[in-house]
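With the first letter of the sequence shown counted as 1, position 84 gets the number 147 in this note's numbering; the numbers rise by one all the way through.
The beta carbon of each residue, even a glycine, is placed where N, CA and C say it ideally should be.
Here the structure is a predicted model, which means the values were calculated and not measured.
Step one of this worksheet: look at the structure below.
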Amino acid sequence: MTAITAQTLNYAEAFRYHVERLPSETYRFHLPQLEEAAYEAPSFAVGRAVLEERIIAALEARIRAHKPLPAPSRPHAGEGCIELSPTSRAKLLLIVTANRTNVYPAELARRLDIKPQEVQRILRLSHATKLDTIGEALRAMGHKLLIALEPLDERPERSAD
64 MTAITAQTLN YAEAFRYHVE RLPSETYRFH LPQLEEAAYE APSFAVGRAV LEERIIAALE
124 ARIRAHKPLP APSRPHAGEG CIELSPTSRA KLLLIVTANR TNVYPAELAR RLDIKPQEVQ
184 RILRLSHATK LDTIGEALRA MGHKLLIALE PLDERPERSA D
């Protein structure tokens, strides 16, 4: 069986952004993959600190509205890139997998033997959930959460001639 990943499901886990300094001495953060998440901040540091929170809110809105999630995209010159936290990435994979396999919250609650309200929280991207809980929910849907390492440097390996 092939592993299910954000890449195989074709949605982004990292998001491009660029910052514009406005005449009002504030900063406007633009997210090309999530235009609805654009916002202004009083400083670059404040804006950067809430970037993931803004992305998560936009992703949650798309999930609730049954709109497609943004596809992966590499940053262009002058853009930054922010990756979702590992827990947010695992939770997004859980939510997408549940939606694609039509495992509704009530059914997941039954499989996990917990209250439906607890599953609603587990399936809310902005709600803090332990990685173990996400793993249990995936297991209840017939999947196993794997942890892997990839090198940050994407250059091809040099051969030892």
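Under the three-state DSSP convention, the category residue i falls into
i, result
"I210", "coil"
"E142", "coil"
"K77", "The displayed chain sequence assigns Ala, not Lys, to residue 77. A77: strand per DSSP, three-state reduction."
"V182", "helix"
"E42", "There is simply no residue 42 to check, as the chain begins at 64 and stops at 224 in what is shown."
"V109", "helix"
Contacts around residue i, its chain only, beta-carbon distance under 6 Å, and the 5 residues preceding and following it disregarded
i, result
"G110", "Y90, F92, A104"
"L201", "L157, L208"
Residue i versus residue j: straight-line alpha-carbon distance, rounded
i, j, result
"A108", "E99", "21 Å"
"H206", "L175", "14 Å"
"N73", "P86", "38 Å"
"R127", "L157", "15 Å"
"L97", "R152", "16 Å"
"D195", "P149", "12 Å"
"A122", "P214", "According to the sequence as given, residue 122 is Leu; it is not Ala. About 27 Å."
"K178", "Y167", "13 Å"
"K130", "E181", "24 Å"
"P133", "E88", "30 Å"
"L186", "Q70", "20 Å"
"R125", "V159", "11 Å"
"N165", "I67", "16 Å"
"A169", "A120", "23 Å"
"H139", "E115", "19 Å"
Where the alpha helix (DSSP H) containing residue i begins and where it ends
i, result
"R152", "149-163"
"T71", "69-72"
"D176", "From DSSP, D176 is part of no alpha helix (DSSP H); its letter is neither H nor E."
"R127", "114-127"
"E199", "194-203"
For residue i, the first and last residue of its enclosing beta strand (DSSP E)
i, result
"A104", "102-104"
Sequence-distant residues of the same chain with beta carbon closer than 8 Å to residue i, five excluded per side
i, result
"Y102", "R91, F92, G110, V113, R117"
Residue i CB to nearest heavy atom of the ligand FAD below 7 Å
i, result
"V166", "This structure simply doesn't include the ligand FAD, nor any ligand for that matter."
Close-in-space but distant-in-sequence residues of the same chain around residue i (CB under 7 Å, 5 per side omitted)
i, result
"K154", "L188, T192, I197"
"R84", "Y90"
"L199", "Checking the sequence, you will find Glu at residue 199 rather than Leu. Counting only Cβ-Cβ distances below 7 Å, and skipping sequence neighbours, we find L175."
"Q183", "P168"
Min CB distance residue i to chain B below 8 Å
i, result
"Y102", "This model lacks chain B altogether, as it is built from one protein chain only."
* **Touching by the beta-carbon criterion (3+ pairs, under 8 Å), the region 75-84 and the region 140-148** => yes
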